[in-house]
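What follows is one structure encoded as structure tokens, with my remarks underneath.
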Amino acid sequence: MQQKPARIRILDAAHELMLTVGLARATTKEIAKAAGCSEAALYKYFASKEELFIRVLEERLPTLGPLLDRLMSEPEKYTVEENLTEIARQAALFYEQSFPIAASLYAETQLKRRHDDAMREMGAGAHMPIKGVAAYLRVEQRAGRVHPYADTFAAASLLMGACAQRAFAYDATAEGTPPPVDSFAPAVARTLLRGISLAGDPA
1 MQQKPARIRI
11 LDAAHELMLT
21 VGLARATTKE
31 IAKAAGCSEA
41 ALYKYFASKE
51 ELFIRVLEER
61 LPTLGPLLDR
71 LMSEPEKYTV
81 EENLTEIARQ
91 AALFYEQSFP
101 IAASLYAETQ
111 LKRRHDDAMR
121 EMGAGAHMPI
131 KGVAAYLRVE
141 QRAGRVHPYA
151 DTFAAASLLM
161 GACAQRAFAY
171 DATAEGTPPP
181 VDSFAPAVAR
191 TLLRGISLAG
201 DPA
């Protein structure tokens, strides 16, 4: 059986290690070892662990970017509620899978600060999905399908915040699991839309 290309093996190993031991403890040395290559080979494909982290998020987890690009290019193909539901579904799945990877950063303040600095230099970070959803909502405003006075950044923050909370806020419940994404996403979208629709009157 033919071996996978080195870049794919590195991404696979990084994804597995980041899930099992967390981003903070997944060193490039351990990732390279798990991928069956040298650290030098790893750095041939990825400039830093932060870049590798971004590529894992983009290539191994559900991503919002392509969806938002499509919705902004043809927003009226579906209703706003349908679009928000799909955004919420993708975001909920993304946070569900990425939270175990990134959570360990919050236990190490200096490492978190270095990570944030690196993300900033690459034009990435946890705030980017919020900005992307806000941009989509502004497209809907211009199309007359969202209230002209709705605060799109606040609306995007509420949507993404709810999806992020779903990833960790339900562990202590009797069920010990988050609400099913297929019922959670439409409920969140429907509730948000009541506040930003043309029928509403945001201050």
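Numbering follows UniProt numbering, in which position 157 of the sequence shown is assigned residue number 157; successive positions increment by one, without gaps.
Note that the Cβ used here is the ideal one computed from N, Cα and C, for glycine as well.
Bear in mind the structure is a predicted one, so any value in this text is a computation, not a measurement.
Taking 8 Å as the cut-off, the beta carbon of Ala156 is found no closer than this to the beta carbon of Ala187.
If the five residues before and after Leu11 are omitted, its C-beta is found closer than 7 Å to the C-beta atoms of Arg55, Val56, Glu59, Arg60, all from its own chain and listed in chain order.
Apart from sequence neighbours up to five positions away, the residues of its chain that approach Ile130 with a beta-carbon distance below 8 Å are Phe153, Ala156, Ser157, Met160, ordered along the chain.
Going by C-alpha positions, Thr85 is about 8 Å away from Arg190.
If you draw a straight line from the Cα of Glu140 to the Cα of Leu67, it is about 15 Å long. Per DSSP, reduced to three states, the secondary structure at Gly65 is helical. Shown here, Val56 sits in a helix according to DSSP, grouped into three states. Distance from the Cα of Glu74 is smallest, within the candidate group Leu93, Ala143, Tyr95, for Ala143. Using a C-beta cut-off of 8 Å, the stretch 15-31 makes contact with the stretch 92-105, since at least three inter-stretch Cβ pairs fall below that distance.
Here Gln90 is buried: its Cβ has 16 or more other Cβ atoms, across all protein chains shown, within 10 Å. At the C-beta level, Ala92 and Cys163 come within 8 Å of one another. Assigned with DSSP and collapsed to three states, Ser48 falls in coil, not helix or strand. Counting every other CB atom within 10 Å of its CB across the protein chains shown gives Phe99 a total below 16, marking it as exposed.
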